[in-house]
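A.B. asks:
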Amino acid sequence: MNTTMEADVLSPVEANETSRKVAIICSKGSLDMAYPGLIMANAARMMGLEAMVFFTFWGLDIINDKKVDHLHAGMLGNPSSPMPHSVMGLPGMEALATGMMKKKMEKLDIPDVREMLEILGDAGAELYACQLAMEMFGLEVSDLVPQVTESITAMDFWEKAEGAQVVFI
Amino acid sequence: MSTMLLAGSPIEVDAEGFLLNPDQWTPEIAAEIAAGSGITLSEKHWQVIDFCRRTNADKGAPPTVRGITKGTGISTKEMYQLFPKGPGILASRIAGLSKPKGCI
Chain A
1 MNTTMEADVL
11 SPVEANETSR
21 KVAIICSKGS
31 LDMAYPGLIM
41 ANAARMMGLE
51 AMVFFTFWGL
61 DIINDKKVDH
71 LHAGMLGNPS
81 SPMPHSVMGL
91 PGMEALATGM
101 MKKKMEKLDI
111 PDVREMLEIL
121 GDAGAELYAC
131 QLAMEMFGLE
141 VSDLVPQVTE
151 SITAMDFWEK
161 AEGAQVVFI
Chain B
170 MSTMLLAGSP
180 IEVDAEGFLL
190 NPDQWTPEIA
200 AEIAAGSGIT
210 LSEKHWQVID
220 FCRRTNADKG
230 APPTVRGITK
240 GTGISTKEMY
250 QLFPKGPGIL
260 ASRIAGLSKP
270 KGCI
């Protein structure tokens, strides 16, 4: 059915979009757990939603400057693993799987994790480290990628995430 | 599908306000859609719009934000300054193209 609308009908829709907010909690540090959160946060920013990511527990590996370039694809304990666990458990297999995944991503022009974090920083997404997890792992903010400038408590995060749609990974 | 009055002409758009036919697009329409999102088009905006339309003509689909930054040299940061309410959808909508399909 055809309807006619004026140009300014679009504005209220967008006003609504800008007030939407997503809060993503990344608690795992494997390659296959890092990308979903980062890509979802970036997609939110690209359509004008506010986005914040809270990195906690193993998720800190994603923003740890020394580890971010060496995240592994976790295939053990993963029922979707293309190879049987008896084989995946053999030495070198995880590195092989990780290498294959990275190659495929490169082919599809998917940025590596460090670049994804840079894009998120430039896109204005808020990235936070979990303070308790930082203490547990003996990390300082200076150990993290430059896009993360703050470690906050879980309660601080919920304050900031008020009204957001929450995703836990 | 609905019809929207843009720059004085009835233009076919989808539910999200993307033009259904890029050939109906004119620079005046771009300016009006941009104004609806609080944007006054600058030279940089036009650089992005031209790139989006060229890419769409060549590849049959509008570029993603990453495609735009790589293709124009305009940084991600600048893209968010140019299109604060969402460069992923606004650049394409202003350029009279469909919603980009990529995720990055």
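If you read the protein sequences in the order shown, they are chains A and B. By the working numbering, the letter at position 60 of the first sequence is numbered 60, and the numbering carries on one by one without gaps. With the second sequence counted from 1, adding 169 to any position gets you the working numbering. Ideal Cβ placement from N, Cα and C applies to all residues, glycine included.
Under 8 Å, Cβ to Cβ, is there at least one residue of chain B near A/Ile169?
C.D. replies: no
A.B. asks: CB B/Glu201 to CB B/Gln193, shorter than 8 Å?
C.D. replies: no
A.B. asks: If you count every other CB in all the chains shown that lies within 10 Å of the CB of A/Asp61, and 16 or more means buried, which is it?
C.D. replies: buried
A.B. asks: Would you report the Cα separation of B/Ser324 and A/Ala95, rounded to the nearest angstrom?
C.D. replies: The first residue shown for chain B is 170 and the last is 273, placing residue 324 of chain B beyond what the model contains.
A.B. asks: For A/Trp167, name the three-state secondary structure that DSSP assigns.
C.D. replies: In the sequence on display, residue 167 of chain A carries Val and not Trp. It is a strand residue.
A.B. asks: Taking only beta-carbon positions, decide if A/Ile24 is within less than 8 Å of chain B.
C.D. replies: Proximity of A/Ile24 to chain B, defined by a Cβ-Cβ separation below 8 Å, is not satisfied.
A.B. asks: Which same chain residues end up closer than 6 Å to A/Ala161 when comparing Cβ atoms and leaving out the 5 residues on each side of it in sequence?
C.D. replies: Once the five neighbours on either side are set aside, the close Cβ partners of A/Ala161 are Ala23.
A.B. asks: Which whole-angstrom value describes the C-beta separation of A/Val166 and A/Ile63, a residue pair presumed to lie in contact below a C-beta threshold of 8 Å?
C.D. replies: Wrong, their Cβ atoms sit about 19 Å apart, outside the cutoff.
A.B. asks: Tell me, please, whether the CB atom of B/Asp273 is closer than 8 Å to any CB atom in chain A?
C.D. replies: The question names Asp, but residue 273 of chain B in the sequence shown is Ile. By this cut-off, B/Ile273 is an interface position.
A.B. asks: Does the separation of the CB atoms of A/Gly29 and A/Leu76 fall below 8 Å?
C.D. replies: no
A.B. asks: Alpha carbon to alpha carbon, how far is B/Thr238 from A/Ala51?
C.D. replies: 20 Å
A.B. asks: A/Ile25 lies in the alpha helix (DSSP H); which residues open and close that run?
C.D. replies: That residue, A/Ile25, is in no alpha helix (DSSP H); its beta strand (DSSP E) goes Lys21 to Cys26.
A.B. asks: Please name the residue in B/Pro253, B/Arg262, B/Met248 and B/Pro232 whose C-alpha comes closest to that of B/Gly271.
C.D. replies: B/Pro232
A.B. asks: Between which residues of its own chain and B/Phe220 is the CB-CB distance below 8 Å, once the five residues before and five after are set aside?
C.D. replies: Cβ within range, chain order: Pro232, Ile237, Gly240 and Thr241.
A.B. asks: Looking at chain A, is there any beta carbon in it that lies within less than 8 Å of the beta carbon of B/Lys213?
C.D. replies: For B/Lys213, the answer is no, since every Cβ of chain A falls outside 8 Å of its Cβ.
A.B. asks: Given 8 Å as the limit, is there contact between the segment 117-135 of chain A and the segment 41-49 of chain A, that is, 3 or more CB pairs closer than that?
C.D. replies: yes
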